[in-house]
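What follows is a set of notes on a single structure, which appears directly below.
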Amino acid sequence: MSHLLITGGAGFIGSNFVRHVLRETDHRVTVLDRMTYAANEASLAGLDPQRFELVVGDVADAEVVDDLVRAADAVVHFAAESHNDNSLNDPWPFVHTNLIGTYTVLEAVRRHRTRFHHVSTDEVFGDLQLDDPQRFTEETPYNPSSPYSSTKAGSDLLVRAWVRSFGVEATLSNCSNNYGPYQHVEKFIPRQITNVLWGVRPKLYGEGRNVRDWIHAEDHSAAVLRILEAGAPGRTYLVGADGELDNLTVLRTILRLMGRDENDFDHVRDRAGHDLRYAIDGTRTREELGWEPCYTDFESGLGATVSWYAEHRDWWEPVKAATEAKYAEAGQ
1 MSHLLITGGA GFIGSNFVRH VLRETDHRVT VLDRMTYAAN EASLAGLDPQ
51 RFELVVGDVA DAEVVDDLVR AADAVVHFAA ESHNDNSLND PWPFVHTNLI
101 GTYTVLEAVR RHRTRFHHVS TDEVFGDLQL DDPQRFTEET PYNPSSPYSS
151 TKAGSDLLVR AWVRSFGVEA TLSNCSNNYG PYQHVEKFIP RQITNVLWGV
201 RPKLYGEGRN VRDWIHAEDH SAAVLRILEA GAPGRTYLVG ADGELDNLTV
251 LRTILRLMGR DENDFDHVRD RAGHDLRYAI DGTRTREELG WEPCYTDFES
301 GLGATVSWYA EHRDWWEPVK AATEAKYAEA GQ
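Below is the structure:
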């Protein structure tokens, strides 16, 4: 695989993956990204032009996608609308990108017999009760609860159908919540960090009891690369780092790391249909592929993330005011 096409490579997880691939391998990389609000060309700044190219285009544009897939040895499909709040306000972009976009890429890889990896989320499984001893596995039934998670579930099922019906050489991965550099300030962790840096009190949905299974984006990137290299076609792999924490604990950790009182935040109205708990069992990925996360100390990884945002105000400040204005309008 000397040439990878990475869709959505200017977004948060995609850009971390691009940097990981260029650092850890000799592959060339082409990124296809529509450059919506969640993408940022600055996330790809400084990359070697001999090995990296950015193509601005829509993943649902069949002509653009076909030309790029024809020239690639493998495709890694990150492109997705992914913010739950936005999906509740306007589901159509999620249908367009997550369903039609995935269909478009699948048809191209089918025509050109190109290796394909589809990146998905643990949110397709719905949620778990706080006291449930179970975690999500590759056999957990899908039970999505929002336009975002339902369109991602649909995209997963498209991939599985193209594998079975047309013999597409594809793997899938469902990952838990990512954190790290280059994440848009609308998301939970960077929003709280940048609020403190901006001189605004952080905000917590409801009582903060909702639990997420956190993984650093660098660990997710390493897992995706390993699946691409050694995963069995047709298989689904779950990616997690055993990082279950409730939102209140995460917020208080951020405040402590930033030298603030752990109660220096405001409660805001909870998100509609807010999933209670996610938890990933990544046994298959670890045992079958030999992947292990490096960021096993969440507080250390979070501290590094705080430092990154403090040192890269020019990356996030241009969009901060508009993002907070939207939250304020929603009472959040």
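Counted the way full-length UniProt numbering counts, the sequence shown spans residues 1 to 332.
For every residue, glycine included, the Cβ atom is placed at its ideal position computed from N, Cα and C.
inquiry  = Using the Cβ count rule (16 or more neighbours within 10 Å means buried), how would you classify glutamate 63?
reply    = exposed
task = Taking 8 Å as the threshold, find out whether the region 165 to 183 comes into contact with the region 302 to 312 through three or more Cβ pairs.
result = yes
task = Check each candidate in Val185, Glu292 and Val211 and name the one with the smallest Cα separation from alanine 325.
result = Cα-wise, what sits closest to alanine 325 is Val185.
message = Would aspartate 127 and arginine 277 qualify as a contact pair, given that the criterion is a beta-carbon distance under 8 Å?
response = yes
Same chain, Cβ closer than 7 Å to cysteine 258, five either side skipped, listed in chain order = The question names cysteine, but residue 258 in the sequence shown is methionine. Taken in chain order, the residues that qualify are Val196 and Val306.
query = Assuming arginine 235 contacts threonine 171 under a Cβ cut-off of 8 Å, what Cβ separation, rounded to an integer in Å, is found between them?
reply = 6 Å
message = Pairs of beta-carbons, one from the region 216 to 230 and one from the region 277 to 295, closer than 8 Å: are there three or more?
response = yes
query = Around the Cβ of alanine 153, are there at least 16 other Cβ atoms within 10 angstroms (buried) or fewer (exposed)?
reply = buried
task = Count the C-beta pairs between the region 116 to 123 and the region 198 to 210 that are closer than 8 Å, then say yes if the count reaches three, no if not.
result = no
task = Return the CA-CA distance between arginine 28 and alanine 272, expressed in angstroms with no decimal places.
result = 42 Å
task = Could you tell me if tyrosine 283 is buried or exposed, where buried requires 16 or more neighbouring beta carbons within 10 angstroms of its beta carbon?
result = First, the residue type needs correcting, since residue 283 is threonine and not tyrosine in the sequence shown. Of the residues assessed, threonine 283 falls on the exposed side of the cut-off, its CB having fewer than 16 other CB atoms within 10 angstroms.
key: Ordered list of alpha helix (DSSP H) runs contained in the region 248 to 310, each at least 4 residues   = 283 to 289
inquiry  = Along the chain, where does the beta strand (DSSP E) containing alanine 322 start, and where does it finish?
reply    = Unbroken run through alanine 322 is the alpha helix (DSSP H), 313 to 329; no beta strand (DSSP E).
The alpha helix (DSSP H) enclosing arginine 226, as first and last residue numbers = Following the DSSP letters along the chain, one finds arginine 226 inside the alpha helix (DSSP H) bounded by residues 217 to 230.
key: First through last residue of the beta strand (DSSP E) which encompasses arginine 212   = 211 to 213
request  = Identify, in the order they occur along the chain, each residue of the same chain with its Cβ nearer than 6 Å to the Cβ of alanine 230, setting aside the five sequence neighbours on each side.
outcome  = Leu289
inquiry  = Quick check on valine 124: does DSSP put it in helix, strand or coil?
reply    = helix
query = Of the residues Asn247, Ile6, Arg110 and Glu24, which one's Cα is nearest the Cα of leucine 54?
reply = Ile6
ask   = Of the choices Asp242, Val163 and Val75, whose alpha-carbon is the least far from that of valine 211?
value = Asp242
ask   = What is the DSSP secondary structure of aspartate 33, counted as helix, strand or coil?
value = Looking at aspartate 33 - three-state DSSP - the assignment turns out to be strand.
query = glycine 46: buried (16+ other C-beta within 10 angstroms of its C-beta) or exposed?
reply = exposed
task = Note the first and the last residue of the continuous beta strand (DSSP E) segment covering lysine 203.
result = DSSP places lysine 203 inside the beta strand (DSSP E), whose first and last residues are 203 to 205.
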